[in-house]
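Written below as structure tokens is the structure these notes are about.
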Amino acid sequence: MTLAGKNVVLGVTGSIAAFKAVALASELVRARTLVDVIMTASARQFVAPLSFQAVTHRSIFGDVFAANSELNIEHVELAERADIVVIAPATANTIAKLAAGMADDVLGCTVLATDAPILLAPAMDAHMFDNPATQENVARLRARGWEVVGPAAGRLASGLVGVGRLVEVEELMGAIRALLGRSGDLAGRSVVVTAGGTQEPIDPVRYISNRSSGKMGYAVAEAARDRGAQVTLISTPTALPAPFGVQVVYVNTAEQMLAAVRDAVQEADALIMAAAVADYRPARPSAEKIKKADADVWQLELVKNPDILAQVRGDFVRVGFAAESQHLLENALAKLHAKQLDLIVANDISTPGSGFAVDDNQAVLLDAQGERLALPLMAKRELADQILNKVIKLLGQRRAK
Ligand code: C5P
């Protein structure tokens, strides 16, 4: 949503990872941005400009002396219309040139001429990245307000394993969204989100949990980040990657989640509890793996977990979720009142295509003033934005009080 209609200038430099920039350009086009690609001369040795042209349906820039450019003065126009400049992959050589403010190609000129935020995604051999020269150059660019993402650890083209890989397209997209959203309607706000199903140990290898995938909570965390909030995401282990620019605190049990939430809400403007917290936990988790016994029945004693939302109070907007399979509104309203929430997101988990482990959700938003917003089935990310719209309204009302 934040990306549609934005102008992205994508600078591609001469790294083996340049092929990944084609996938990035494609993802950006899918998100309905206008992508102008600038390729350095060495980038053209790795990937043909035609690959980018085919994906973006636009001319590719990079030849300062091109006679057939459609733009007046290329680098000035590109620099001016950019909402963001992304340099991915960025080689040690380009980073050094940009740190020195050199302008011997279209990318260098554009970077010097732009006011847009700049995202740098280095990719190179691990020794080259570790080298004090590169480290100093990256630090200089950071000091100028550039955002740097990666490089990631892993197998490098040389066959060595180290820190030097271009981060994955998904992470680049997250970083772009985060940077573009910096001055959004949650700028200056701090939001705490919980996600995933808690894991309550029975013994060192077994635990009790639930089907929560964490997708709803991660979507809320990313949406809040993309609207400028400082986000702390308190998550159980999930299959989802840590979102760029979000502080992630990993926990397993409800008790650990309670402690992490208490800690995180000190400065918070909103707490959004999307996690599926186990209501009960094994009373006496065993320190050793429990052996199979001869008896056919084994009883496990459970004790009640703390109710995090009910316990954590303060001067911030508190949002809960009610996943129900029957009497949706009745149960959700009862929870809203019992936990004295500002807002509850009620969703009927029996609706096909909605709820646990899927990408979509259908919900009704109920607030403490009795307002009710019934939403159609939509992507969790879209629902996250609807929830945040409500949170922003509630924050405004708080200030007005
Ligand atoms: O009562 P129920 O578990 O259905 O309430 C759901 C809401 O309360 C969710 O927002 C969930 O994160 C939160 N919750 C909690 N602590 C618990 C159980 C649920 O904060 N022990």
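So for the sequence shown, the working numbering puts the first residue at 22; every next one is plus one.
Don't be surprised by glycine CBs; every beta carbon is placed ideally from N, CA and C.
Kindly identify the DSSP beta-bridge partner or partners of residue 61.
One-based indexing of the sequence shown puts residue 61 at position 40. Its beta-bridge partners do not exist; DSSP assigns none.
Using 8 Å as the cut-off, can you tell me whether the region 203-223 makes contact with the region 71-78, which would need three or more C-beta pairs spanning the two stretches below that distance?
no
Could you tell me whether the Cβ atoms of residue 186 and residue 177 are closer together than 8 Å?
As a working note, residue 186 is residue 165 in the sequence shown. As a working note, residue 177 is residue 156 in the sequence shown. A contact, by the Cβ cut-off of 8 Å.
Report whether the distance from the Cβ of residue 217 to the nearest heavy atom of ligand 1 is below 7 Å.
For the purposes of this step, residue 217 is identified with residue 196 of the sequence shown, where counting begins at 1. Residue 217 Cβ: outside cutoff for every heavy atom of ligand 1.
Ligand 1 heavy atom lying under 7 Å from the CB of residue 255
Position 234 of the sequence shown holds residue 255. Residue 255: no, Cβ never under 7 Å from ligand 1.
By Cβ distance below 8 Å, which residues in the same chain neighbour residue 25 in space, the five residues on each side in sequence not counted?
Start at 1 with the first residue of the sequence shown, and residue 25 comes out as number 4. Counting only Cβ-Cβ distances below 8 Å, and skipping sequence neighbours, we find 52, 53, 54.
What would DSSP say about residue 82, mapped onto helix, strand or coil?
Your numbering for residue 82 matches position 61 in the sequence shown. Three-state DSSP puts residue 82 in a strand.
Bridge-paired residues (DSSP) for residue 218:
Taking the sequence shown and counting its residues from 1, the one referred to as residue 218 is at position 197. Answer is 297, bridged to residue 218.
To the nearest whole angstrom, what separates the beta carbons of residue 360 and residue 330, a pair I think is in contact under 8 Å?
Numbered from 1 along the sequence shown, position 339 holds the residue referred to as residue 360. Numbered from 1 along the sequence shown, position 309 holds the residue referred to as residue 330. 5 Å between Cβ atoms; contact.
Give the secondary structure of residue 325 by DSSP, where H, G and I count as helix, E and B as strand, and everything else as coil.
As a working mapping, residue 325 is identified with position 304 in the sequence shown. Reduced to three states, the DSSP call for residue 325 is strand.
Span of the alpha helix (DSSP H) around residue 132:
Here residue 132 corresponds to residue number 111 of the sequence shown, with the count starting at 1. In the DSSP assignment, residue 132 falls within the unbroken alpha helix (DSSP H) covering 127-134.
Under DSSP, the alpha helix (DSSP H) around residue 277 begins and ends at which residues?
The sequence position of residue 277 within the sequence shown is 256, counting from 1. Run containing residue 277: 275-285, per the alpha helix (DSSP H) assignment.
In three-state DSSP terms, what is residue 399?
Residue 399 sits at position 378 when you count from the first residue of the sequence shown. In this structure, residue 399 counts as strand in the three-state DSSP scheme.
Under 8 Å, with one C-beta from each stretch per pair, do the region 255-263 and the region 313-323 reach the 3-pair mark?
no
Assuming the contact rule is C-beta atoms closer than 8 Å, residue 169 and residue 141 should be a hit. Round their C-beta distance to whole Å, please.
Position 148 of the sequence shown, counting from 1, holds the residue named residue 169. Position 120 of the sequence shown, counting from 1, holds the residue named residue 141. Sure, about 5 Å apart at Cβ, within 8 Å.
Starting from the C-beta of residue 102, find all residues in its chain whose C-beta is less than 7 Å away, skip the five residues before and the five after it, and write them out in chain order.
The residue you call residue 102 lines up with position 81 of the sequence shown. Once the five neighbours on either side are set aside, the close Cβ partners of residue 102 are 28.
Can you tell me where the beta strand (DSSP E) holding residue 256 begins and where it ends?
As a working note, residue 256 is residue 235 in the sequence shown. Per DSSP, residue 256 belongs to the beta strand (DSSP E) from 251-256.
Taking 8 Å as the limit between beta carbons, can you name the residues of its chain near residue 267, skipping five residues before and five after?
Along the sequence shown, one-based indexing puts residue 267 at 246. Contacts found: 242, 243, 246, 252, 253, 254.
Check whether the Cβ of residue 205 sits closer than 7 Å to any heavy atom of ligand 1, and report yes or no.
For the purposes of this step, residue 205 is identified with residue 184 of the sequence shown, where counting begins at 1. Every heavy atom of ligand 1 is 7 Å or more from the Cβ of residue 205, so no.
When the Cα of residue 306 is compared with those of 228, 240, 352, which residue comes out closest?
Position 285 of the sequence shown, counted from the start, is the residue given in the question as residue 306. It is 228 whose Cα lies nearest to the Cα of residue 306.
Please tell me whether, using a cut-off of 7 Å, the distance from the CB of residue 343 to the nearest non-hydrogen atom of ligand 1 is below it.
Along the sequence shown, read from residue 1 onward, the residue named residue 343 stands at position 322. Yes, since a heavy atom of ligand 1 falls inside the 7 Å radius drawn around the Cβ of residue 343.
Of the choices 402, 393, 386, 390, whose alpha-carbon is the least far from that of residue 380?
Locating residue 380 in the sequence shown gives position 359, where the first residue counts as 1. Closest by alpha carbon: 402.
One question on the structure: do residue 291 and residue 412 come within less than 8 Å of each other, judged by their Cβ atoms?
Along the sequence shown, one-based indexing puts residue 291 at 270. Along the sequence shown, one-based indexing puts residue 412 at 391. Contact flag set, yes.
My understanding is that residue 162 touches residue 107, with C-beta atoms under 8 Å, so please give their C-beta distance in whole angstroms.
Here residue 162 corresponds to residue number 141 of the sequence shown, with the count starting at 1. Here residue 107 corresponds to residue number 86 of the sequence shown, with the count starting at 1. Actually they are not in contact, since the Cβ atoms of residue 162 and residue 107 sit about 13 Å apart, beyond 8 Å.
Touching by the beta-carbon criterion (3+ pairs, under 8 Å), the region 272-286 and the region 322-342:
yes
Since I believe residue 248 is in contact with residue 202 (beta carbons under 8 Å), could you give me their beta-carbon distance rounded to a whole number of angstroms?
In the sequence shown, residue 202 corresponds to position 181, counting from 1. In the sequence shown, residue 248 corresponds to position 227, counting from 1. Residue 202 to residue 248, Cβ: 5 Å. Contact.
Across which residues does DSSP place residue 291 in a beta bridge pair?
In the sequence shown, the residue the question calls residue 291 occupies position 270. BP columns for residue 291 point to 212, 338.
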